[in-house]
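The structure under discussion appears below in the form of structure tokens.
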Amino acid sequence: MEVCKNYAIFAAINGILEGMTDNKTGLTLSGLDPKRFESVVDGKQTHLCVLTNKQGAEMCVTNYGGIVPSIMMPDRKGRWANVVLGMEDIGSVVNGPEPFLGATIGRYGNRIAGARFVLDGQEYKVTMSQAPNCLHGGKGFHARMWEGEQTDAQTLVLRYTSADGEEGFPGELKVEMTYCLTDDNEFRIDYKATTSKTTVCNLTNHAFFNLAGIQKVTSSVEDNILYINADRYCPIDGVSIPFGEKAPVEGTPFDFRKPTRVGDRIDADCEQTKNGAGYDHSFCLNKSKEGELTLAAICEEPVSGRTLTVYTTEPGIQLYTGNWLSGFEGQHGCTYPRRSAICFEAQHHPDSPNKPQFESTTLRPGETYTQTTVYRFGVR
Numbered sequence: 028m029e030v031c032k033n034y035a036i037f038a039a040i041n042g043i044l045e046g047m048t049d050n051k052t053g054l055t056l057s058g059l060d061p062k063r064f065e066s067v068v069d070g071k072q073t074h075l076c077v078l079t080n081k082q083g084a085e086m087c088v089t090n091y092g093g094i095v096p097s098i099m100m101p102d103r104k105g106r107w108a109n110v111v112l113g114m115e116d117i118g119s120v121v122n123g124p125e126p127f128l129g130a131t132i133g134r135y136g137n138r139i140a141g142a143r144f145v146l147d148g149q150e151y152k153v154t155m156s157q158a159p160n161c162l163h164g165g166k167g168f169h170a171r172m173w174e175g176e177q178t179d180a181q182t183l184v185l186r187y188t189s190a191d192g193e194e195g196f197p198g199e200l201k202v203e204m205t206y207c208l209t210d211d212n213e214f215r216i217d218y219k220a221t222t223s224k225t226t227v228c229n230l231t232n233h234a235f236f237n238l239a240g241i242q243k244v245t246s247s248v249e250d251n252i253l254y255i256n257a258d259r260y261c262p263i264d265g266v267s268i269p270f271g272e273k274a275p276v277e278g279t280p281f282d283f284r285k286p287t288r289v290g291d292r293i294d295a296d297c298e299q300t301k302n303g304a305g306y307d308h309s310f311c312l313n314k315s316k317e318g319e320l321t322l323a324a325i326c327e328e329p330v331s332g333r334t335l336t337v338y339t340t341e342p343g344i345q346l347y348t349g350n351w352l353s354g355f356e357g358q359h360g361c362t363y364p365r366r367s368a369i370c371f372e373a374q375h376h377p378d379s380p381n382k383p384q385f386e387s388t389t390l391r392p393g394e395t396y397t398q399t400t401v402y403r404f405g406v407r
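So in our numbering the end of the sequence shown lands on 407, straight run, no missing numbers.
Below, the structure written as structure tokens:
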């Protein structure tokens, strides 16, 4: 992470330090102290990298888990706020009650039923991290140290090699992610991965968005207005495993094909909202061809006017409404109660290795896994 560590020198030479930190206090625009993110985890140095664009927006990233603890965006009146839930020091990131805040998720995002799957006739047993299932790869990529290279003010490249057999998954998987904060106020992620043995791969980012901005008691997202470009979704059982059906959203609480307030049907008297304790389901995105970068969702926070538009090459997006957030303390004394965040996890559908009717997550030697997801911020 040496390039990231020495980025202040690079930035000063190129005249782009202004806006990256407060020159008097050394703090970021979001009020984070980069020194509080310096530690040693698993024998490797942790750092906080700061990305800035020409609009004055800022995004902070730590090489532990590729975690994004802050994204500063303006509202319709030009007031800046951090629009993702995050912690304010590396100790809280590593040991906090919610390990997935803003994190990279892999080797397999979401759930694998029974923490097992069969691949080319061989059964693999993986870490049972949320009994009886494997969730987010066990001790997954969110809890691993990544090598980072900040190539300019707006771009960070993160690399991680997952060993053959790590958490039970076959094959050495080499992963590279490029984070870019574009001048259009987009957080763009480009992923690629290769394997030494046939394996499964399903990567995503788990940012917990609150477009109102984090607050002393961070507000509920139930007043957010949401559109999802999906005619179908994946119903789940009582332990959040899809049945394998892609069911129509029409006539259900999962129909967001017209902009709808998130809270209007979140507690509907419906087996599916009960199984997810709200929304925690994969939506089957409308696409004309596999792998194209298309619109997935649009979310608007009506008071601030901030909007978030999501594009992805993935076939699905997991909508999660922070149903299990417990009110713990995050940055600057802000608390994160139940449903104070909304997540758009672009990915393949849960339990795809055990559901041949879903799009395949199998990756073989000689192939390259690729994915692009874009989170575009705006105001209305």
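We put the CB at the ideal spot given by N, CA and C, even for glycine.
Closest Cα partner of D217 within the set I293, P286, Y338: What you label residue 217 is simply residue 190 of the sequence shown in a count that begins at 1. Taking only the C-alpha atoms, the option nearest D217 is Y338.
Between which two residues does the beta strand (DSSP E) holding V337 run? In the sequence shown, residue 337 corresponds to position 310, counting from 1. First-last of the beta strand (DSSP E) with V337: 333-339.
Write down the C-beta distance between G278 and I293 rounded to the nearest angstrom, noting that I regard them as a contact closer than 8 Å. Mapped onto the sequence shown, residue 278 falls at position 251. Mapped onto the sequence shown, residue 293 falls at position 266. So it is not a contact: roughly 16 Å between Cβ atoms.
Mind checking who Q374 pairs with in its DSSP beta bridge? In the sequence shown, counting from the first residue as 1, residue 374 sits at position 347. Bridge partners of Q374: G343.
By the 10 Å Cβ neighbour count, where 16 or more other Cβ atoms means buried, how is K382 classified, buried or exposed? Locating residue 382 in the sequence shown gives position 355, where the first residue counts as 1. Buried, by the Cβ-count rule.
Selection from G148, D179, F385 that minimises the alpha carbon distance to E272: Along the sequence shown, read from residue 1 onward, the residue named residue 272 stands at position 245. Checking every option, the nearest Cα to that of E272 belongs to F385.
Excluding five sequence neighbours on each side, which residues of the same chain lie with their C-beta closer than 6 Å to the C-beta of A108? Within the sequence shown, residue 108 is the residue found at index 81, counting from 1. So the list reads G240, once near-sequence residues are dropped.
Please state the DSSP three-state secondary structure of Q242. In the sequence shown, residue 242 corresponds to position 215, counting from 1. Coil at Q242, not helix or strand.
Which word fits N122, buried or exposed, when buried means at least 16 other C-beta atoms lie within 10 angstroms of its C-beta? The residue you call residue 122 lines up with position 95 of the sequence shown. Exposed, since its Cβ has fewer than 16 Cβ neighbours within 10 Å.
P280 and I325: beta carbons closer than 9 Å? For the purposes of this step, residue 280 is taken as the residue at position 253 of the sequence shown. For the purposes of this step, residue 325 is taken as the residue at position 298 of the sequence shown. No, the pair does not count as a contact, with Cβ atoms beyond the cut-off.
Under three-state DSSP, which class holds T48? Counting from 1 along the sequence shown, the entry for residue 48 is found at position 21. Summary for T48: the model assigns pLDDT 46, below 50, so the residue's position carries little reliability; its value from the coordinates is reported in the next sentence. In this structure, T48 counts as strand in the three-state DSSP scheme.
State buried or exposed for S353, treating a residue as buried only when at least 16 other CB atoms are found within 10 Å of its CB. Indexing the sequence shown from 1 puts residue 353 at position 326. Classification for S353: exposed.
Distance, Cα to Cα, P364 vs K201? Your numbering for residue 364 matches position 337 in the sequence shown. Your numbering for residue 201 matches position 174 in the sequence shown. If I take the Cα positions, the gap works out to 36 Å.
So, using beta-carbon positions, are Y135 and V153 closer together than 9 Å? Residue mapping note: residue 135 aligns to position 108 of the sequence shown, counting from 1. Residue mapping note: residue 153 aligns to position 126 of the sequence shown, counting from 1. The answer is yes: Cβ separation under 9 Å.
DSSP state of H233 mapped onto helix, strand, coil: Counted from its first residue, the sequence shown places residue 233 at position 206. The answer is strand: DSSP assigns H233 an E or B state.
Which residue wins for smallest C-alpha separation from T400, given the options A234, G349, R333? Position 373 of the sequence shown, counted from the start, is the residue given in the question as residue 400. Residue A234 is the option with its Cα nearest to T400.
Going by Cα to Cα distance, which pick from C228, P377, E298 is closest to D191? Counting from one through the sequence shown, the residue named residue 191 turns up at place 164. Measuring from the Cα of D191, the nearest candidate turns out to be C228.
6 Å Cβ shell around T321 - same chain, five flanking residues per side excluded: What you label residue 321 is simply residue 294 of the sequence shown in a count that begins at 1. Taken in chain order, the residues that qualify are K314.
Opening and closing residue of the alpha helix (DSSP H) in which T300 lies: Against the sequence shown, residue 300 aligns to sequence position 273. It spans 298-302 - the alpha helix (DSSP H) in which T300 sits, taken as one unbroken run.
If we ignore side chains and look at the alpha-carbon of each, how far apart do L230 and V330 end up? Walking along the sequence shown from the start, residue 230 turns up at place 203. Walking along the sequence shown from the start, residue 330 turns up at place 303. Going from the Cα of L230 to the Cα of V330 covers about 33 Å.
Give the DSSP-derived three-state secondary structure of G405 in the structure shown. The residue you call residue 405 lines up with position 378 of the sequence shown. The answer is strand: DSSP assigns G405 an E or B state.
First through last residue of the beta strand (DSSP E) which encompasses V289: For this step, residue 289 is matched to residue 262 along the sequence shown. Segment: none, V289 is in no beta strand (DSSP E) and carries neither H nor E.
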